[in-house]
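This report refers to the structure that appears directly beneath it.
In the UniProt record's numbering, the protein residues as written are 1 to 424.
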């Protein structure tokens, strides 16, 4: 059996009875709720679920019906409203429609068939609308669910990509660490073992033959032992410094300083070594002021100049050149006229994972660990390191440093210094 819940506004008992009688023989069940007050009617329309609202309009008092229609429209009520107006109320028909009524029917209580058919049609349309709305709401919910699932799938995919990238990075980093570990142990096993072998061999010879060796031979043995000891000490010093750097235990105290003051320390220490080998050490250019940790930069310059001496033949020249880059950075270049190196070696020289062993002009072996330390020290001071080299021509090791401090640490800067000093 078809049924409908209808709100009857106004009209009294006669109208209510007429509505019920119109559907009595039709097998159509009506749940009729009666209201005589405008506010009560609007409250019922907003609060309860009706398929239809029938408003009775009296010809000389249309205000009630107009108020109900207008109030329902203003409140956003979607329940269809039919106005049953008196036969002589046709002039107000448009007013009811404009106020929000679905239809305004002339009625005197005798048009049962017309009322029944109109109510049937309205109720069916209302139920169809509700069914469509439910279907639409369900579809919207399904779409939201699909959208949520798609977003979750995209988020999972992004996480998967990130995990894959992180895994690849971790794998590369692990391989790099493994290569560095192998290189580190290679340095310990080979480069540290060789000078110890010489030390043990020559000290053993001295112990066994000290009574028969000439003074010249003892002097030669002592010289070899001294060179081996110095080599071991230098290597151990670099290894310990590298280990401290990896554990972040190297002190870093940046401040303003003139680069030629740091270079002066190196020239004082290594000048005699260069003179013994017949190498000229000189500076050129205007020495800039840098903002960095002077202790680590002192180590960098000393290592680079020491390397240049090692790989420069007798009569060669080592130039320490200062410059200001277009990016407002201080630049120091150590230029030698030494043996140089090919492009492949130059590209690998700063990587511990690559096995690069070079020999100086007097057969001195190098592990490349000192250059690696130089690069890491420069980068710790927010600079960069570069190399240009050509076999038989020489090498140029350059690095940059900032010339200014962060705004919060700005202090008075020292003046620039000009250098044209030479050391032999």
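Beta carbons: idealized from backbone N, C-alpha and C, even for Gly.
| message | So, for residue 203: in the same chain, excluding its five sequence neighbours on each side, which residues have a beta-carbon less than 8 angstroms away from its beta-carbon? | response | Same-chain partners within the cutoff: 225.
| Whole-angstrom distance between residue 151 and residue 45, CA atom to CA atom | Linking residue 45 to residue 151 through their CA atoms gives a straight-line distance of about 40 angstroms.
| field | Spatial neighbours of residue 62 in its chain, beta-carbon cut-off 8 angstroms, leaving aside the 5 residues before and after | value | Same-chain partners within the cutoff: 85, 89, 92, 95 and 96.
| message | If the criterion is Cβ atoms closer than 8 angstroms, does the pair residue 6 and residue 51 meet it? | response | Taking 8 angstroms as the Cβ cut-off, residue 6 and residue 51 qualify as a contacting pair.
| query | Nearest-angstrom Cα distance between residue 173 and residue 205? | reply | C-alpha separation (whole angstroms): 47 angstroms.
| query | What is the DSSP secondary structure of residue 219, counted as helix, strand or coil? | reply | In this structure, residue 219 counts as helix in the three-state DSSP scheme.
| task | Look at the Cβ atom of residue 71, then the Cβ atom of residue 42, and state whether they are nearer than 8 angstroms. | result | Taking 8 angstroms as the cut-off, the beta carbon of residue 71 is found closer than this to the beta carbon of residue 42.
| request: State the DSSP-derived secondary structure class of residue 36, mapped to helix, strand or coil. | output: In this structure, DSSP gives residue 36 a state outside helix and strand, which the three-state scheme calls coil.
| request: State buried or exposed for residue 427, treating a residue as buried only when at least 16 other CB atoms are found within 10 Å of its CB. | output: In the structure as shown, the chain begins at 1 and stops at 424. Residue 427 is therefore absent and cannot be evaluated.
| Can you name the start and end residues of the beta strand (DSSP E) that residue 280 belongs to? | Note, residue 280: beta strand (DSSP E), 280 to 284.
| request: Would you mind working out which of 385, 48, 74 and 21 sits nearest residue 433, comparing C-alpha positions? | output: Any answer about residue 433 is impossible in this case: the structure gives the chain only from 1 up to 424.
| Are the beta-carbon atoms of residue 398 and residue 336 separated by less than 8 angstroms? | No, Cβ-Cβ distance for residue 398 and residue 336 is not below 8 angstroms.
| Contact check, residue 29 vs residue 3, beta carbons under 8 angstroms | Yes, the Cβ-Cβ distance between residue 29 and residue 3 is below 8 angstroms.
| said: Please classify residue 339 as buried or exposed, where buried requires at least 16 neighbouring CB atoms within 10 angstroms. | reply: Residue 339 is classed as buried because its beta carbon has at least 16 other beta carbons within 10 Å across all chains shown.
| request: Identify the continuous alpha helix (DSSP H) that holds residue 425 and give its terminal residues. | output: Coverage of the chain is limited to positions 1 through 424, which leaves residue 425 absent and any answer about it impossible.
| field | heavy atom of the ligand GTP below 7 angstroms from residue 326 C-beta | value | Judged by which ligands are present, the structure shown has none, so any question about the ligand GTP falls away.
| request: Look at residue 69 and residue 55 and say whether their C-beta atoms are less than 8 angstroms apart. | output: Going by C-beta atoms, residue 69 is nearer than 8 angstroms to residue 55.
| query | Going by C-alpha distance, which of 330, 252 and 269 is nearest residue 305? | reply | Taking only the C-alpha atoms, the option nearest residue 305 is 269.
| message | Using a Cβ-Cβ cutoff of less than 6 angstroms, which residues in the same chain neighbour residue 107 once the five nearest sequence positions on both sides are dropped? | response | These residues qualify, in order along the chain: 84.
| Which term fits residue 325, buried or exposed, when burial requires 16 or more other beta carbons within 10 angstroms of its beta carbon? | Exposed is the call here.
| query | Does the beta-carbon of residue 115 have 16 or more other beta-carbons within 10 angstroms, so that it is buried, or is it exposed? | reply | By the 10 Å Cβ count, residue 115 comes out buried.
| said: Just to confirm, is the Cβ distance from residue 100 to residue 64 under 8 angstroms? | reply: Cβ atoms of residue 100 and residue 64: not closer than 8 angstroms.
| said: Report the CB separation of residue 322 from residue 272 in whole angstroms; it is logged as a contact under 8 angstroms. | reply: Actually they do not touch by this definition, with Cβ atoms about 23 angstroms apart.
| According to DSSP, what are the bridge partners of residue 291? | Looking at the DSSP output, residue 291 shares a beta bridge with 256.
| task | Using DSSP bridges, identify the partner residues of residue 385. | result | When beta bridges are read from the DSSP output, residue 385 appears opposite 399.
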